[in-house]
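Undergrad:
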Amino acid sequence: MAGENQTKPDWNSPEYHENEAPAKPDWNSAEYHENTSSTEVTKAQLDGEEIEVEIAIIGGGLGGLAVAVGLQQRGIDAHVFEAAPELRNVSQGVIGLFENGRKALGALHPPVLEEIKKAGKFGKDVRGFDRDEDFSTRIRLMPGESVVCRWHRIQEVLHSHVKPDYVHTGCKVAWVKEDDDFAYAGFDKPAVDDPELKAKMSKITRVKAKLLVGSDGAFSVIRKFIPKTLSPDEPEYFGQLNWAGLLHKSALPYDPFEKFYHVDGHTGPTEPYTGTVVVLKCKAPITWYLLIDCGDDFLFWQLRITDEEKKIAASGPSGRGGLGLAGCKKNILEAMKAHNDVTSIIEATPEECIFERSIYHRLPIDRYSTDGRRIVIIGDAAHGMHSVLGQGANTTFEDAVVLTEAIKRYRSDLPHAVKVFEELRIPRANRIQGWAARLGARQKHAKHFEEDPQAKEEIRKEIGDLRRWLNSFDPYCVEKYVDLPEKSSVSEVSSAVASLSVS
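The numbering of the sequence shown is my numbering, which starts it at -19 and goes up by one.
1) Please name the residue or residues paired with residue 164 in a DSSP beta bridge.
2) Pull up the DSSP beta-bridge partners for residue 453, would you.
3) Just to confirm the assignment: which complete beta strand (DSSP E) runs, minimum length 3, are found wholly within the region 323 to 387?
4) Does the contact criterion of 3 or more C-beta pairs under 8 angstroms hold for the region 406 to 423 versus the region 36 to 52?
5) Let me know the secondary structure DSSP gives residue 4 once reduced to three states.
6) State the DSSP-derived secondary structure class of residue 142, mapped to helix, strand or coil.
7) Measuring straight from C-alpha to C-alpha, what distance separates residue 62 and residue 39?
8) Would the region 270 to 283 count as touching the region 412 to 427 if we require 3 or more Cβ pairs under 8 angstroms?
9) Could you tell me the alpha carbon to alpha carbon distance between residue 450 and residue 368, rounded to whole angstroms?
10) Compute the distance between the beta-carbons of residue 268 and residue 423, then report whether it is under 8 angstroms.
11) My output table needs one value for residue 393: the three-state DSSP class, helix, strand or coil.
12) Please state if the CB of residue 177 and the CB of residue 332 are separated by a distance shorter than 8 angstroms.
13) Please list, in chain order, all residues of the same chain as residue 389 whose beta carbon is under 6 angstroms from its beta carbon, the five residues on each side excluded.
14) Can you list, in chain order, the residues of its chain with a C-beta nearer than 6 angstroms to that of residue 72? Leave out the 5 residues immediately preceding and following it.
15) What are the start and end residues of each continuous beta strand (DSSP E) run of 3 or more residues lying completely inside the region 67 to 111, in chain order?
16) If you reduce the DSSP assignment to three classes, tell me which class residue 409 lands in.
17) Between which two residues does the beta strand (DSSP E) holding residue 302 run?
18) Smallest Cα separation from residue 88: which of 294, 323, 387, 128?
19) Pick from 145, 382, 97: whose alpha carbon is nearest that of residue 460?
20) Ends of the alpha helix (DSSP H) at residue 51?
21) Between 448, 371, 355, 372, which has its C-alpha nearest residue 160's C-alpha?
22) Do residue 283 and residue 271 count as a contact pair if the criterion is CB distance below 8 angstroms?
23) Looking at the structure shown, is residue 489 part of a helix, part of a strand, or coil, going by DSSP?
24) If contacts are defined as beta-carbon pairs under 8 angstroms, then residue 216 and residue 341 qualify, I think. What distance do you get, rounded to the angstrom?
25) Measure the C-alpha to C-alpha separation of residue 296 and residue 281 and round it to an integer number of angstroms.
26) Between residue 69 and the rest of its own chain, which residues show a CB-CB distance below 8 angstroms, the 5 nearest in sequence each way excluded?
27) In angstroms with no decimal places, state the Cα-to-Cα distance between residue 21 and residue 57.
28) What span of residues does the alpha helix (DSSP H) with residue 315 cover, start to end?
29) My assumption, with CB atoms under 8 angstroms, is that residue 501 sits in contact with residue 167. Please give the rounded CB distance.
30) Taking the alpha helix (DSSP H) that residue 224 falls in, what are its first and last residues?
31) When DSSP labels each residue in this structure, what does residue 232 get in the three-state scheme?
32) Identify every residue that forms a DSSP beta bridge with residue 148.
33) Note down, in chain order, each residue of its chain lying with its Cβ closer than 6 angstroms to the Cβ of residue 181, except the 5 sequence neighbours on either side.
34) Excluding the five sequence neighbours on either side, which residues of its own chain have a C-beta within less than 7 angstroms of the C-beta of residue 42, listed in chain order?
35) On a CA-only basis, which of 298, 203, 338 is nearest residue 345? Give me that one, please.
36) How many Å lie between residue 308 and residue 260 at the Cα?
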């Protein structure tokens, strides 16, 4: 498949740096590299149990790797510590990169964005199908513009731009703490029987860093150490179950997009469909179904059903989901048996390739760091949100570039860098979280079937305004940040942040 066999950059090769030549910022400029940290880790240290680094990143997902890429490109020592024995080498998910996410990745490191664009699929057309209880189908065009790419391919691209030996696996956080000058983390080692896999795991059991960045997901361990603004502060089940699968186009003897034009005896448009996304909304049961062309000849399907009590979850009422759960395929085929255009694609997907997931989100908080600001959280750990907006990864990439730029600008005072990051990010992230929860609730209760045309038009306008605001994200907002005296009033700080048009 296209792009699968890419080689990692040779960090010692002058050709790599000579051929980058991005316009802004200039990664080759001496100003980004002349002050490289003196805490560069030696091979001897990597073979030991304790190391000291400048920036320790907890979590080897998209957010953690993105921060590592951004910092290393700016000559800043950054290491990634991942709990799993190895980075995930399979995923049934996709990411839709909208304009704000593309801006963030382009500012972090332009080659990353270009490689993802080549591996994914760019699409502007979204076809929506609303199916009422009587199975009459309305077909409509919906606005949308994104680069859709498999989650795993994005991870591969990001990982390929992180220096070798700077990602340490098998580092499951047991505790973290801070003092005035450093943050510390201790790691437990996962039990692994496979000797080859065990050999790949890092031996490191403790890290000391000037700053620790938690990018460990919605069920974050690091978040537990942040001063509490909520009680309780745990992920909340949203009342929806989600199943997803990736399927190579060769597995289907027909064009799955065309099949949607001749469903249940209702004929849709006769012209061939060349868009990227099909959205089917049903009310019996309340369902959202996506079919997406995600590049490299792969199709992605997703089925989301409102199920407050998790009655059809193969993982059970207290489970969070998993890959290839026994009985999951049977459950969803039974639930969707009246929709043959959907079931035929699910039937073509092996059960071991179907991922079941309970939809969780987190409530907004007003602080992302510990008291001493030597520990900070980003991404889903900070603002895990409902996925209806498709902003989870995009907002995480926004975090990554803003934190990276803040660390570069305030490298001599990292707690202040974290303070600036929080002032720039928390108001914006909280607004996005709020919108995701609102639209997630509409999706969960199928509100679009009940509203009159005027109400639908009003919400479409609001969403259009939201999209324009999202796309206005400025990845270089740190450069424009105006430092205020430490005793500035809350209103002065809020006014300064608002003036940057990123709040």
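Glycine included, every Cβ here is placed at the ideal spot set by N, Cα and C.
TA: According to the data block:
1) Answer by DSSP bridge pairing, in chain order: 157, 188.
2) Beta bridge pairing from DSSP links residue 453 with no other residue.
3) The qualifying runs are 334 to 341, 355 to 357.
4) Pairwise C-beta distances place the region 406 to 423 out of contact with the region 36 to 52, as fewer than three of them are shorter than 8 angstroms.
5) Reliability of the predicted coordinates at residue 4 is poor, the pLDDT of 33 falling under 50, and the value obtained from them is presented with this limitation in mind. DSSP places residue 4 in coil when its eight states are reduced to three.
6) Three-state DSSP puts residue 142 in coil, outside helix and strand.
7) Approximately 5 angstroms, taken between the alpha carbons.
8) Contact fails: fewer than three Cβ-Cβ distances are below 8 angstroms.
9) Their backbone Cα atoms lie some 14 angstroms apart in a straight line.
10) In this structure, residue 423 lies closer than 8 angstroms to residue 268 by Cβ.
11) Taken through DSSP and simplified to helix, strand or coil, residue 393 comes out as coil.
12) Cβ atoms of residue 332 and residue 177: not closer than 8 angstroms.
13) So the list reads 458, once near-sequence residues are dropped.
14) Taken in chain order, the residues that qualify are 224, 225, 226, 335.
15) Segments of the beta strand (DSSP E) lying fully in the region 67 to 111: 74 to 77, 101 to 111.
16) Helix.
17) 301 to 303 is the extent of the beta strand (DSSP E) around residue 302.
18) Nearest C-alpha to residue 88 among 294, 323, 387, 128: 387.
19) Closest in alpha carbon position to residue 460, among 145, 382, 97, is 382.
20) 42 to 53 is the extent of the alpha helix (DSSP H) around residue 51.
21) Taking only the C-alpha atoms, the option nearest residue 160 is 355.
22) Against a cut-off of 8 angstroms, the Cβ pair of residue 283 and residue 271 comes out as no contact.
23) Coverage of the chain is limited to positions -19 through 483, which leaves residue 489 absent and any answer about it impossible.
24) Going by Cβ atoms, the distance from residue 216 to residue 341 rounds to 6 angstroms, so yes, they are a contact pair.
25) Put simply, the backbone Cα of residue 296 is about 22 angstroms away from that of residue 281.
26) Contacts found: 132.
27) Note that residue 21 scores a pLDDT of 49, beneath 50, so its modelled location is shaky; the value from the coordinates is reported in the next line. Between the alpha carbons of residue 21 and residue 57 lies a gap of roughly 9 angstroms.
28) The continuous alpha helix (DSSP H) containing residue 315 extends over residues 308 to 315.
29) What is shown of the chain runs -19 to 483, which leaves residue 501 out entirely.
30) Where residue 224 is concerned, there is no enclosing alpha helix (DSSP H), although the beta strand (DSSP E) it sits in stretches over 216 to 228.
31) Residue 232: coil per DSSP, three-state reduction.
32) DSSP, once it has assigned bridges, lists 61 as partnering residue 148.
33) Excluding sequence neighbours, residue 181 sits near 65, 149, 150.
34) Only 134, 135, 138, 373, 376 meet the Cβ criterion.
35) Here the closest residue by C-alpha is 203.
36) If I take the Cα positions, the gap works out to 21 angstroms.
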